[in-house]
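Residue numbers (the numbering used here), protein chains in the order written: chain H, 1 to 220; chain E, 1 to 220.
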């Protein structure tokens with residue numbers, strides 16, 4: 001059955017692979033599943049037809065036959081359950097890999113998103129200077145704990161898993177990545193993720209979408 | 001094998017069932033698994049022994065034989081996979097229920113936590129009045145979308161699932177719950193969750209911990 005995901009027609013990240021379709025593309029490449037991409041405009045994402053697919057009007061949405069999913073975490077977990085390559089076979093190791101998926105999304109990403117939103121949406125506000133150290137500290141607390149747990153290991157728990165895919169994706173967001181030089185093992189961990197052939201293919205594919213939409217003479 | 005979870009010795013929620021052990025207790029009651037609770041102090045949560053169990057020093061941590069997990073989402077998913085009662089058998093329905101778990105934790109909860117943190121930690125700051133409408137809008141956008149999707153159904157996708165357990169738990173947080181009167185179907189949805197016998201047992205158990213720690217003459 002053909003897999004189709006949605007992605008931004010015009011990604012605000014300008015091809016840097018920071019939108020959430022990148023995570024799903026990476027997972028699809030890791031498990032070797034071909035997929036189609038349907039590009040959607042911001043206008044289309046607000047319409048009822050799209051909301052039927054994704055109630056919160058975001059990307060990516062996922063379709064496979066009569067199954068429709070949303071939330072990158074859920075989509076990646078779905079792929080990881082059905083195809084080899086993203087979850088270990090041992091039951092306990094599998095449960096721990098899933099734990100890292102949730103940790104990336106519910107513990108590490110929220111303070112990074114908060115700092116990102118403050119920089120993007122409140123950068124010119126008079127309170128930004130006074131709030132900035134708190135926003136930074138909230139991110140650093142998580143990076144510090146994560147760095148300590150990772151230690152000198154390559155991945156968070158044994159072999160590369162969907163937990164690492166999600167954590168690397170979260171750590172790539174600039175509002176957290178700007179601190180990575182202070183946590184060399186995390187910087188190396190992210191670089192290790194980005195060096196994977198599956199990551200490289202996914203990155204190139206999302207960049208090609210951006211470049212095609214922004215080539216000289218192209219009108220959207 | 002005995003299941004043990006950790007919970008606050010002195011919960012900052014004062015027994016209102018808002019700490020994340022409540023979600024796991026509820027799930028354990030839904031699947032009918034007995035469990036022990038180990039109460040931990042804030043001091044203990046900072047120590048290396050606890051960090052070995054939970055790298056971010058939070059509650060709940062979960063132990064079952066030689067398996068140690070953290071993140072309420074991961075723990076609940078682990079229980080849901082092993083015991084009947086929290087995930088449907090049909091593969092597609094199961095994937096959709098898992099989608100709602102991730103949606104609760106990564107899409108609906110973060111703006112609620114942001115508003116909660118602003119109220120608790122920045123309530124006396126000069127910028128709070130100007131930021132408050134934005135924080136409120138970020139929550140309402142999600143509630144609006146969720147309300148539209150739920151419609152007049154009892155649960156988000158067919159029968160009650162771990163997705164509903166997580167969503168109801170997230171919606172109970174006061175920084176989101178304060179708006180529920182404007183979304184009557186969501187208010188009824190939360191009430192429906194809270195009326196479940198498993199929820200009631202879990203709530204009573206966490207309240208008993210708080211009451212025992214705070215009875216007259218008790219010293220912590």
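Glycine residues also receive a C-beta, built at the ideal position from the N, C-alpha and C atoms.
CB contact below 9 angstroms: residue 178/H versus chain E: Here the question's residue 178/H lines up with position 178 in the first chain. Chain E contact via Cβ: absent.
Three CB pairs or more closer than 8 angstroms across the stretch 8-27 of chain E and the stretch 49-60 of chain E: Yes: at least three Cβ pairs fall under 8 angstroms.
Own chain, CB closer than 8 angstroms to residue 230/E, minus 5 neighbours either side, in chain order: Any question about residue 230/E goes unanswered here, given that chain E covers just 1 to 220.
Same chain only: Cβ atoms within 7 angstroms of residue 122/E, ignoring 5 sequence neighbours per side: Counting from one through the second chain, the residue named residue 122/E turns up at place 122. Exclusion of the five residues before and after residue 122/E leaves 128 as the residues of its chain whose Cβ lies within less than 7 angstroms of its Cβ.
Minimum Cβ-Cβ distance from residue 172/H to chain E less than 9 angstroms: Indexing the first chain from 1 puts residue 172/H at position 172. For residue 172/H, no Cβ of chain E is located within less than 9 angstroms of the residue's own Cβ.
For residue 172/E, three-class secondary structure by DSSP: One-based indexing of the second chain puts residue 172/E at position 172. In the structure shown, residue 172/E falls within a coil segment according to DSSP collapsed to helix, strand and coil.
Secondary structure, alpha helix (DSSP H): runs of 4+ residues fully inside the stretch 140-202 of chain E: Qualifying alpha helix (DSSP H) stretches, in chain order: 162-171, 174-177 and 184-194.
Among 67/H, 10/H and 83/H, nearest to residue 90/E - alpha-carbon criterion: As a first step, residue 90/E is located in the second chain; it is residue number 90 there, counting from the start. The candidate whose alpha carbon is nearest that of residue 90/E is 67/H.
Paired residues, beta bridge with residue 76/H - DSSP: Locating residue 76/H in the first chain gives position 76, counting from the first residue. Residue 76/H pairs with nothing; no bridge assigned.
Any chain E beta carbon closer than 9 angstroms to residue 134/H: As a working note, residue 134/H is residue 134 in the first chain. Yes, contact with chain E.
Neighbourhood of residue 25/H by C-beta, 7 angstroms cutoff - its chain only, sequence neighbours within 5 removed: Taking the first residue of the first chain as position 1, residue 25/H is located at position 25. Within the same chain, residue 25/H has close Cβ partners 202, 205 and 206.
Buried versus exposed, by CB contacts within 10 Å (16 or more), residue 74/H: Sequence index remark: in the first chain, residue 74/H carries index 74 (1-based). Residue 74/H is buried by the Cβ-count criterion.
At least 3 beta-carbon pairs within less than 8 angstroms: the stretch 39-50 of chain E vs the stretch 207-215 of chain H: Cβ pair count under 8 angstroms is below three, so no.
Identified DSSP bridge partners for residue 3/H: Locating residue 3/H in the first chain gives position 3, counting from the first residue. DSSP output for residue 3/H lists 64/H as bridge partner(s).
Burial state of residue 171/E, where buried means 16 or more other Cβ atoms lie within 10 Å: Here residue 171/E refers to the residue found at position 171 when the second chain is read from its first residue. Buried, because 16 or more other Cβ atoms sit within 10 Å of the Cβ of residue 171/E.
Check: residue 54/E C-beta below 8 angstroms from any heavy atom of the ligand GDP: Inclusion of the ligand GDP in the displayed structure is not the case, the ligand content being empty and no account of it being possible.
Cβ shell of residue 150/H (< 7 angstroms), same chain only, five flanking positions each side left out: What you label residue 150/H is simply residue 150 of the first chain in a count that begins at 1. Same-chain partners within the cutoff: 156, 185, 186 and 189.
8 angstroms contact criterion, which residue 33/H and residue 79/H should meet: CB distance rounded: Within the first chain, residue 33/H is the residue found at index 33, counting from 1. Within the first chain, residue 79/H is the residue found at index 79, counting from 1. Yes, residue 33/H and residue 79/H are in contact; Cβ-Cβ is about 7 angstroms, under 8 angstroms.
Which residues DSSP lists as bridging residue 36/E, in chain order: Position 36 of the second chain, counting from 1, holds the residue named residue 36/E. DSSP lists 4/E as partners of residue 36/E.
Cβ-based burial, residue 115/E [other Cβ within 10 Å; buried from 16]: What you label residue 115/E is simply residue 115 of the second chain in a count that begins at 1. Under this definition residue 115/E is a buried residue.
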